[in-house]
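So the structure is just underneath, and the comments pick up after that.
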Amino acid sequence: MTGRYSSAMTSGTDLPTTSWAVLGMLSHADELSGYDLKKWADWSLQFFYWSPSFSQIYAELKRLEKHGYVTSRTVTSEDGIRGKRMYAITPTGRDAVAHWVNHSPVEAPVLKHSVLLRAWLGHLAEPDRLREILTAHIDYAENMRRRAAADAEGSDSNPDWAFPSAVLRWCIRHYEAERQLAEDLLTDLEALNKRGRLPRNRESPLAPPKSKSR
Numbered sequence: 129m130t131g132r133y134s135s136a137m138t139s140g141t142d143l144p145t146t147s148w149a150v151l152g153m154l155s156h157a158d159e160l161s162g163y164d165l166k167k168w169a170d171w172s173l174q175f176f177y178w179s180p181s182f183s184q185i186y187a188e189l190k191r192l193e194k195h196g197y198v199t200s201r202t203v204t205s206e207d208g209i210r211g212k213r214m215y216a217i218t219p220t221g222r223d224a225v226a227h228w229v230n231h232s233p234v235e236a237p238v239l240k241h242s243v244l245l246r247a248w249l250g251h252l253a254e255p256d257r258l259r260e261i262l263t264a265h266i267d268y269a270e271n272m273r274r275r276a277a278a279d280a281e282g283s284d285s286n287p288d289w290a291f292p293s294a295v296l297r298w299c300i301r302h303y304e305a306e307r308q309l310a311e312d313l314l315t316d317l318e319a320l321n322k323r324g325r326l327p328r329n330r331e332s333p334l335a336p337p338k339s340k341s342r
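What follows is the structure, encoded as structure tokens:
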């Protein structure tokens, strides 16, 4: 184990996952600006993780530079007036993100689905409002599927993007399934409405069963 690699392992233990995502994006290019990183996140990360804001990206870049994982330089535009800061991953930074990918614990995905939470509380919801929520979610899933498909198609021509392209194809299938699940749930809820709403004063299913007198 080299000293550089050992240092990379120990100094990056306090970094949040978003830091590794930003550092990972830098590993795909020689140099990127904060604007480039935001566009990359919108192109790929948002479909399966999230797309950090400009302020969050620059905060992570500052943190990564402090760790020695990133270097930066100012590039002046042709007019000599405006300049932009370009960021590049260092060898230590590449070692660190490689160690994170290969050796750090993998957190289980957490599902926090606000649409499902409202459906779960459907006995309190107006049928038309619940239908509106599900219909909007179906449209959202289809829109995300189309966007992921368009981005995946654009990445297929670049061999350097082989792994991001494979993940984008996974995202296409994910949003196809999400749309279908939402359509099925909407069908189930419509069937419940046709049978009639359950009375609101019914005994709670979470309440302990009443003991029978002998």
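Here the sequence shown stands for residues 129 to 342, where the numbers follow the numbering used here. Built from N, CA and C at the ideal position, the CB exists for glycine as well. Keep in mind that this is a model prediction, so the values were computed, not measured.
For glutamate 306, count neighbouring C-beta atoms within 10 Å of its own C-beta (all shown protein chains included) and say buried if the count is 16 or more, exposed if not. buried
Based on the DSSP secondary-structure assignment, which residues constitute the bridge partners of valine 229? None; valine 229 has no bridge partner.
Between the CA atoms of glutamate 193 and tryptophan 148 - distance to the nearest angstrom: 13 Å
Of the choices Arg201, Gln174, Ala247, whose alpha-carbon is the least far from that of cysteine 299? Gln174
Which class does tyrosine 197 belong to by DSSP, given the choice of helix, strand or coil? coil
Bridge partners - leucine 160, DSSP secondary structure assignment: Tyr215
Just confirm the distance between the C-beta atoms of serine 161 and isoleucine 217, as a whole number of angstroms; I'd bet it's less than 8 Å. Not a contact, Cβ separation roughly 14 Å.
Can you give me the Cβ contacts of arginine 201 inside the same chain, cut-off strictly under 6 Å, excluding the 5 residues immediately before and after it? Met214
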